[in-house]
Amino acid sequence: MKKKIIIKYGELTTKKENIGLFLKMLKKNISFTLKEEEVEILYDSGRMFLSCEENQFEKVLNKLKTVFGIHEMFIGYEIDSIEMENIKQSIKELIQKKNFHTFKIETKRSNKKYELTSPEINQELGAYVLKNKEDVKVDVHNPDIIIHVEIRLQKSYLYFEKEKGLGGYPVGTLGKGLLMLSGGIDSPMAGYLTMKRGVKLEAIYFESPPHTSMEAKKKVEELARKLSLYNQEIKLHVVKFTDIQEAIYKNIPHEYLVTIMRRMMYRIAEKISRQENCKIIVNGESIGQVASQTLTSINAINSVVKIPVIRPLACFDKLEIIALAKKVGTYETSILPYEDCCTIFVPLHPVINPDIGKCEEYETLIPYEKLIQESIKNHEIIKITNQEKKFEDIL
Ligand code: ATP
Ligand code: MG
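As numbered in this note's numbering, residues -4 to 390 make up the sequence shown, in order.
What follows is the structure, given as structure tokens:
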């Protein structure tokens, strides 16, 4: 028997013709995540099999919990045979070390030509366990352990507990998107959910020094670092927004500040998306959350770009977003109290139903095309990977 980590793909198996591409990407992503471990990876269209040193299993399993595209995984025992006698011997060896009173056998038989059906295998192996272990009985509803048996073409597998993977598609299989990443709670979650659908992310952050601090920028870098755990590396585009923001502040009626500022952000994000071959913009907007996220506002802001804008959190409420952020581990960073460029220039009474005609009229009061061009030309690119650094270390 060989001990292995076995991976189930879940939703990936619905990709009939393209499954090869998805699995290749999954293997690549797993290899990257496990680059510090010595692991051998083999796969076919049904399962992926990982071998490593005995003392590495736990560590490898934990790392695999950050890889999208893995539906379930377990530590299993590979038997180089599909003969009943060999399977029985292996079961005998394994159950000797296990403490249990009730059990159930669950068989999966991808080898459809096998001489016994799954219920017949369950029966035969169940009877065998009863004979070979004292004081145990079968309980099909609530057993202490489930002995999973999988019979494939030439090999069979035994395992006990399954662990949940993150699900979704391997990052990169669906191309690239540009995440508008602020220091808030929402945008990192929008990024997380988009990566889950197989989209690799770059990120864009608008800063307004000296109105926004270095700490605010480092906070965004830290959030990008946390997201890069799922994305291998994040290319963070940092765009200086000060001149644009000041021009808006000086020339435009204050109730329209936020609407027009966001129209500028969208225009810049679209241009950088085209440069970087990102097919969508992603952001953390959620319907109704603030004045700039009413349906009329979303229309007025979205109308300046042609590229699709994906809002994974559109229909989430704040408590759901916070719960997810705590689970993913970005929440503690997001609530650090550094000012964002949006919060600084927020007027007392932002318009809730902005008029597109008025936006266009007000925008003629500032040379925004030139300002946008300059901000893109001078923007900074930071490549962020998930080294084991703490936020305090990069401050
Ligand atoms: P919060 O969690 O406090 O709502 P937020 O990041 O969602 O923070 P909003 O004002 O709701 O802040 O902004 C909506 C979306 O616009 C954000 O989710 C983010 O995608 C984008 N955004 C806002 N400010 C910036 C910024 N400075 N740089 C990049 N993107 C930004
Ligand atoms: Mg928000």
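Quick reminder that beta carbons are idealized off the backbone N, C-alpha and C, glycines included.
Nothing here was measured: the structure is a model prediction, and the numbers come from that model.
9 Å Cβ cutoff met for residue i and residue j
{"i": "GLY172", "j": "GLU197", "result": "yes"}
{"i": "GLU334", "j": "SER208", "result": "yes"}
{"i": "LYS103", "j": "VAL135", "result": "no"}
{"i": "ILE180", "j": "ILE267", "result": "no"}
{"i": "GLU327", "j": "ILE255", "result": "no"}
{"i": "PRO165", "j": "ASN24", "result": "yes"}
{"i": "TYR4", "j": "GLY64", "result": "yes"}
{"i": "CYS354", "j": "ALA264", "result": "no"}
{"i": "ALA309", "j": "GLU280", "result": "yes"}
{"i": "LYS83", "j": "LEU29", "result": "no"}
{"i": "GLU78", "j": "LYS58", "result": "no"}
{"i": "LEU231", "j": "ALA219", "result": "yes"}
{"i": "MET454", "j": "ILE367", "result": "Since the first residue shown for the chain is -4 and the last is 390, residue 454 is missing from the structure and cannot be characterised."}
{"i": "LYS221", "j": "THR325", "result": "yes"}
{"i": "ASN137", "j": "LYS87", "result": "no"}
{"i": "LEU169", "j": "ILE199", "result": "no"}
Near the ligand ATP: residue i beta-carbon under 8 Å from a heavy atom
{"i": "ALA410", "result": "Nothing in the structure corresponds to residue 410, since the chain is present only between -4 and 390."}
{"i": "PHE95", "result": "no"}
{"i": "GLY179", "result": "yes"}
{"i": "LEU176", "result": "yes"}
{"i": "ALA185", "result": "yes"}
{"i": "MET68", "result": "no"}
{"i": "ARG257", "result": "yes"}
{"i": "GLU202", "result": "yes"}
{"i": "SER113", "result": "no"}
{"i": "ASN278", "result": "yes"}
{"i": "PHE236", "result": "yes"}
{"i": "VAL285", "result": "yes"}
{"i": "GLN288", "result": "yes"}
{"i": "SER281", "result": "yes"}
{"i": "LYS1", "result": "With the sequence shown as reference, residue 1 is identified as Ile, and Lys is not the correct amino acid for it. No, Cβ of ILE1 sits at least 8 Å from all heavy atoms of the ligand ATP."}
Minimum C-alpha distance to residue i - residue among the options
{"i": "PRO345", "options": "ALA211, LEU252, VAL131 and PRO138", "result": "LEU252"}
{"i": "TYR244", "options": "TYR154, GLY64 and TYR363", "result": "TYR363"}
{"i": "LYS372", "options": "PHE340, PRO248 and VAL233", "result": "VAL233"}
{"i": "THR237", "options": "LYS313, LEU169, SER370 and GLU12", "result": "SER370"}
{"i": "ASN81", "options": "LYS353, LEU153, LYS126 and LYS30", "result": "LEU153"}
{"i": "THR380", "options": "GLU88, ILE141, GLU217 and VAL299", "result": "GLU217"}
{"i": "LYS212", "options": "GLN240, LEU331, SER298 and ASN106", "result": "LEU331"}
{"i": "PHE311", "options": "ILE282, THR325 and SER292", "result": "ILE282"}
{"i": "VAL341", "options": "ILE367, LYS230, GLU73 and ILE247", "result": "ILE247"}
{"i": "GLU250", "options": "TYR187, LEU231, SER292 and THR9", "result": "SER292"}
{"i": "VAL299", "options": "VAL62, ARG257 and GLY41", "result": "ARG257"}
{"i": "ASP39", "options": "GLN51, LEU18 and SER26", "result": "LEU18"}
{"i": "GLY41", "options": "ASP139, VAL133 and GLU6", "result": "GLU6"}
Residue i versus residue j - alpha carbon distance
{"i": "ASN117", "j": "GLN149", "result": "19 Å"}
{"i": "VAL34", "j": "LEU45", "result": "6 Å"}
{"i": "ASP75", "j": "SER151", "result": "7 Å"}
{"i": "VAL55", "j": "THR97", "result": "30 Å"}
{"i": "GLN284", "j": "MET184", "result": "15 Å"}
{"i": "PHE386", "j": "TYR123", "result": "Note that PHE386 scores a pLDDT of 47, beneath 50, so its modelled location is shaky and nothing firm can be said."}
{"i": "VAL277", "j": "ARG306", "result": "6 Å"}
{"i": "ILE146", "j": "ALA286", "result": "58 Å"}
{"i": "GLY15", "j": "PRO303", "result": "28 Å"}
{"i": "ALA318", "j": "ASP130", "result": "44 Å"}
{"i": "LYS274", "j": "LEU174", "result": "11 Å"}
{"i": "LYS11", "j": "MET43", "result": "17 Å"}
{"i": "LYS99", "j": "SER329", "result": "46 Å"}
{"i": "LYS322", "j": "GLY162", "result": "15 Å"}
{"i": "GLN288", "j": "ASN348", "result": "10 Å"}
{"i": "LEU89", "j": "GLU53", "result": "19 Å"}
{"i": "GLY167", "j": "LYS22", "result": "12 Å"}
{"i": "PRO205", "j": "ILE239", "result": "13 Å"}
{"i": "ASP350", "j": "MET20", "result": "45 Å"}
{"i": "ILE36", "j": "LYS60", "result": "16 Å"}
{"i": "ILE389", "j": "LYS93", "result": "In this predicted model, ILE389 has a pLDDT of only 46, less than 50, meaning its place in the structure is not dependable; the value taken from the coordinates is given anyway. About 47 Å."}
{"i": "VAL62", "j": "LYS195", "result": "12 Å"}
{"i": "GLU73", "j": "SER105", "result": "15 Å"}
{"i": "THR8", "j": "LYS132", "result": "36 Å"}
{"i": "ILE2", "j": "PHE201", "result": "40 Å"}
Okay, do the stretch 175 to 195 and the stretch 219 to 232 touch, 3+ Cβ pairs below 8 Å being the bar? Counting Cβ pairs under 8 Å, three or more are found: they touch.
Can at least three beta-carbon pairs, one atom from the stretch 45 to 61 and one from the stretch -2 to 9, be found at a separation below 8 Å? With a cut-off of 8 Å, the stretch -2 to 9 and the stretch 45 to 61 count as touching, because enough Cβ pairs lie within range.
Would you call the stretch 151 to 165 and the stretch 59 to 75 touching, i.e. three or more CB-CB distances under 8 Å? Contact between the stretch 151 to 165 and the stretch 59 to 75 is established, with three or more Cβ pairs separated by less than 8 Å.
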